[in-house]
């Protein structure tokens, strides 16, 4: 099995020039890795949510928007395009959208420091267009924003608050009404 590496960033989001194996990494206080998320809306104003595999060590079986960690050498957009294509079969690589929302998580006690870039894509697709990666995703749903809160309370919705913040930013910027 090939070891996957991630780039290390400073708290100011500058690359350090170091890469470390993704597995079993514990980052120091001023070390961060990069995650990406794809908020994907279709022509019916429904968002794509995927259900995390039951064997995930964190939030197993919860609903989330597609995404994952950026590999060493990847740009944020390359990572979100790859993750979305791997997990769902949807290809946004030619859309070249800017990141719409970024946040930083600081957890030096557990060595879990990271940046998250969240991208918004509005593309035409239906559930029939999806090709789910079974190792990562056990299901998918197309859900209107109005159902997010109930889904979060009932089944768990990873990144729920951050997704709402990103949608607020999109509305304020006029990208989404």
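In our numbering, the protein residues as written are 153 to 329. Built from N, CA and C at the ideal position, the CB exists for glycine as well.
DSSP, reduced to helix, strand and coil, places residue 300 within a helical segment of the structure shown.
For the 9 angstroms CB-CB criterion, residue 192 and residue 200 form a contact.
For the options 173, 203, 219 and 215, the alpha carbon positioned closest to that of residue 289 is the one of 203. Taking the Cα positions, residue 278 is about 10 angstroms away from residue 198. Ranked by Cα distance from residue 248, the first of 302, 227 and 258 is 227. Annotation for residue 182: 162 and 163 place their beta carbon closer than 7 angstroms to its own, counting only its chain and skipping 5 residues before and after.
Here the stretch 205-217 makes no contact with the stretch 171-181; the two share fewer than three CB pairs at distances below 8 angstroms. For the beta strand (DSSP E) assignment, the uninterrupted runs of no fewer than 3 residues enclosed by the stretch 192-234 are, from N- to C-terminal side, 199-204 and 219-221. Taking a contact as a CB-CB distance under 8 angstroms, the pair residue 158 and residue 222 counts as one, their CB atoms being some 7 angstroms apart. The alpha-carbon separation between residue 285 and residue 218 amounts to approximately 11 angstroms. When rounded, the separation of the alpha-carbon atoms in residue 168 and residue 160 is 6 angstroms. For the set 268, 303 and 324, the Cα lying nearest the Cα of residue 214 is the one of 303. One thing to note: residue 271 has its Cβ no nearer than 9 angstroms to the Cβ of residue 295. Straight through space, the alpha carbons of residue 225 and residue 156 are spaced by roughly 11 angstroms.
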